[in-house]
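Colleague: Got a structure here, written out as structure tokens. Questions coming.
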Amino acid sequence: MNKADRHLMLVLVAALFVGCGALSGDTGTARFTVAVPQSLASGITRVVVTSGGAAIPSVSVELAPTNGVWGGIIGNIPAGADRTFLAQAFDAGGALRFEGFASGISILADQTTLVAITLQQLNPPPPFENEAPIIDFVAANPSTVAAGGTVSLFSSAHDPNPDDTLSYAWSATAGTFSSTSEPFTSWTAPATTGIQTLTLTVTDSRGLASSALLVVNVLPEGEGEAELSISFNSAPQVTSITATATRLAVGQPTTLSALAMDLDGDNLSYAWSASCAGTFSDTSSDFTQFTPSLAPAGACNNCRLTVAVSDGRGGHNTGTVALYVTDTPPTTHLAPVILRSYRSSNTANPGDVLTYEVAASDPQGSALTFSWDASTGALGTPTGDSTHSRVTWTAPPCASGGTPPSITVTVTNAFGLTATRSFTVTGLPGCSVPGTWALTGPMVGGSLRLFSTATRLQDGRVLVAGGSEAQRGQCNNTAELYDPASNTWSATGSMLECRYGHTATLLLNGKVLVAGGMDEFFTLRTAELYDPATGTWSPTGSPVIPIGGWPVLLLDGRVLDLGGDTAELYDPATGTWSLTGSPPTSFQGPVTTLLNGQVLAVYSDSAALYDPATGTWTPTAPTIVPRFALNTATLLFDGRGLVVSGSFDSNAAELYTP
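Written out as structure tokens, the structure is:
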């Protein structure tokens, strides 16, 4: 629980008596007594009781404390069925802390009725959720090492939880690392020979870890052989921790249950610990009981119970539940109530604007906040006051999956308790079915953009630049952006020159390098940069020779452009181009960067590797099927290269293993 007073309980006792004063024949008198735990008495400064019912007015009375007890007598309550009583307690700041409500109470003339109301608090605990990091690959070079030799290590990992950060830790049974905390490092083999195990452990910022193993055979100097064996160990995951009670008095036990899983099927062990004084019935079981022996300092979540889960193979994880240990019994609050709701229509056409409104109150009078959410479409800016909220919603072009759009308002009180109201809208056409094609929103300007480029930016948008207006006999220097989230296009800054048939490469700094191509009359030998942050273009260094048309981004951030029998490099750090080593044969086709940093080029039945470190090309094994034009080369996750098409008489695809 996030709030200590989540478990506070106020009890209101209402008793109706006959003969407690001068009453009419059909009325009764109610005596209210509010019991507040001693530790909370100073926190409550005002208690209000509102009585009412059908066909009678609602009347609110503020109780007064006497000797630390809130109480008083409410008289002249009309007799009848379905009478209601609302009790609200406020703190010194005027915030509604506790609330209780009783309805359907029958008040009989000359009879006594007892009404008990429990005041509730709303403040659900945050969900416990975390996923282990995923190691994408681990590579070692060379695969054979002599005693005292060096092995280069490469790795990549990501975390399914985007807010988590990753840390890397290399370890080995022997030998030393140049760095133990980087994804790329080197390992120096020990002087002794034999099998050595290298372990990479990737841990997220919340303690979940994954591991990968490399087994290296260290041979005597001058000869050797390395056998690479990679195994992956997924860390166990704590999926939930439950407690039968989260607000405890000293000496009161609570039963704990931890639920954990291991994707590898490993047997799990458990170890419980506490941040406050107390005892566990079993510290090594997933099911145990904890009894606090001393109330710790602090008034909110002052005792944290942690279970450490291990799989016996280096994988570990923890889960924690926070308790509130006190000497007083719990008290609870109530959720807010939505009194009225309004919608301008139940149906909509694409682009229609509908209006929604709700009115709400809090049983204990605490401040309310409103938040709106829509499954699709666009919400406007909400307006309203402390008890009302109004918003507009613009219908989308279609309803995805045949599911009507829904608009939901969530009302939250000062204690974190919520009430929701959802509205559904019908009448929209269905969106396209998965596995089919659908038109996007219209592009701006109506340009044909033949031989243009489309580049996916780091934020997910797509930059389309330049192109030829073939039917109009002119080229284009405009550019526009496609936003997949809204399915819309928008104009952005125009290029410095009109061009088509050019190349576009996304750089590591997020900018886009556009080079070469043609204008209406000539082949261009210029280049420029697009900055998504400002939506503007700026000139950069010109290529040494006209761009060949097959650029590829190197691992160090430079760009290699290959065309025919020449190649040149663009360095974003200096904004300059320079010639590099020429390939062993003329290449006219796409190239791809391998995981080891080298570049694979394929044309006809020839293939070659470019080494950025030396600026040289080396022939490699020829292709099985000759490929002359328009083939593709794609890097797979396992490090191999997939080559497709480009042959005049075969549709065979083939794989290149570095």
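Numbered by mature numbering (1 follows the signal peptide of the UniProt record, and there is no 0), the letters in the sequence shown go through residues -24 to -1, 1 to 634 in order. Even for Gly, the Cβ is constructed at its ideal location relative to N, Cα and C. Nothing here was measured: the structure is a model prediction, and the numbers come from that model.
Kindly indicate which three-state DSSP category S186 falls into: helix, strand or coil?
Modeller: S186 carries a strand assignment under DSSP once its states are collapsed to helix, strand and coil.
Colleague: Could you check where the beta strand (DSSP E) with I53 kicks off and where it finishes?
Modeller: V45 to P54
Colleague: Need the endpoints of the beta strand (DSSP E) that Q172 sits in, please.
Modeller: G170 to D180
Colleague: So, at 7 Å on beta carbons, what are the nonlocal neighbours of P250 in its own chain, with the 5 sequence-adjacent residues on each side left out?
Modeller: According to the sequence shown, residue 250 is Ala rather than Pro. If we look at A250 and ignore the five residues flanking it on each side, its Cβ neighbours are F266, C279 and L281.
Colleague: Nearest to T402 by alpha carbon, out of L224, A461, A324 and Q450?
Modeller: A324
Colleague: I'd like the span of the beta strand (DSSP E) that includes residue 642, first residue to last.
Modeller: Lying before the first or after the last residue shown, residue 642 is absent from the chain, which here runs from -24 to 634.
Colleague: Starting from L505, follow the beta strand (DSSP E) in both directions and report where the run begins and ends.
Modeller: A503 to D507
Colleague: Where does S128 fall in DSSP's three states?
Modeller: strand
Colleague: With 16 as the cutoff for other CB atoms within 10 Å, does S514 come out buried or exposed?
Modeller: Looking at its Cβ environment, which holds fewer than 16 other Cβ atoms inside 10 Å, S514 is exposed.
Colleague: What are the residues that DSSP puts in a beta bridge with V440?
Modeller: V440 is bridged to A430 and E456.
Colleague: Leaving out five residues before and five after P212 in sequence, what residues of the same chain have Cβ atoms less than 8 Å from its Cβ?
Modeller: A236, M237, D238, D242, L244, V285, S286, D287, G291, H292 and N293
Colleague: Could you tell me the alpha carbon to alpha carbon distance between F(-8) and G29, rounded to whole angstroms?
Modeller: Bear in mind that the predicted position of F(-8) carries a pLDDT of just 36, short of 50, making it unreliable; the figure below should be weighed with that in mind. Distance between the alpha carbons of F(-8) and G29: 19 Å.
Colleague: Would you check if there are 3 or more beta carbon pairs closer than 8 Å linking the segment 582 to 592 to the segment 529 to 539?
Modeller: yes
Colleague: Residue range of the beta strand (DSSP E) that M237 falls in?
Modeller: T230 to M237
Colleague: Report all residues from its chain with a CB closer than 6 Å to the CB of Y579; omit the five preceding and five following residues, and keep chain order.
Modeller: F563, Q564 and G565
Colleague: For A583, which three-state DSSP category applies?
Modeller: strand
Colleague: Using the Cα positions of S462 and V490, report the straight-line distance between them to the nearest angstrom.
Modeller: Rounded to whole angstroms, S462 to V490 spans 26 Å at the Cα level.
Colleague: Mind pulling the beta strand (DSSP E) runs of 3 or more residues that sit fully within the segment 499 to 564?
Modeller: Within the segment 499 to 564, the complete beta strand (DSSP E) segments at least 3 residues long are 503 to 507, 512 to 516, 526 to 529, 535 to 539, 542 to 547 and 552 to 555, listed from N- to C-terminus.
Colleague: Shortest alpha-carbon distance to T359 belongs to which of F346, A350 and T352?
Modeller: F346
Colleague: To the nearest angstrom, how far is the alpha carbon of C474 from that of D532?
Modeller: 30 Å
Colleague: So, with DSSP's three-state summary, where would you put G378?
Modeller: helix
Colleague: Any idea what DSSP makes of A446, helix, strand or coil?
Modeller: Residue state, collapsed to three classes: helix.
Colleague: What is the C-beta distance between V178 and Y144, in whole angstroms, given that I count them as a contact (C-beta under 8 Å)?
Modeller: 6 Å
Colleague: Per DSSP, which residues does L355 bridge with? Please list them.
Modeller: W369
Colleague: Among T516, A441 and D495, which residue has its Cα nearest to the Cα of T550?
Modeller: T516
Colleague: For A600, is the classification buried or exposed, using 16 other Cβ atoms within 10 angstroms of its Cβ as the cut-off for buried?
Modeller: Contrary to the premise, residue 600 reads as Ile rather than Ala in this sequence. Exposed is the call here.
Colleague: Taking only three categories from DSSP, how would you classify G392?
Modeller: Looking at G392 - three-state DSSP - the assignment turns out to be coil, as it is neither helix nor strand.
Colleague: Which term fits C252, buried or exposed, when burial requires 16 or more other beta carbons within 10 angstroms of its beta carbon?
Modeller: buried
Colleague: Going by CA-CA distance only, name the one from G274, G442 and N193 that's closest to G492.
Modeller: With distances taken between Cα atoms, G492 lies closest to G442.
Colleague: Find the nearest neighbour of P527 within the set V567, Q574 and P560, judged by alpha-carbon distance.
Modeller: V567
Colleague: Write down the C-beta distance between S428 and Y476 rounded to the nearest angstrom, noting that I regard them as a contact closer than 8 Å.
Modeller: 7 Å
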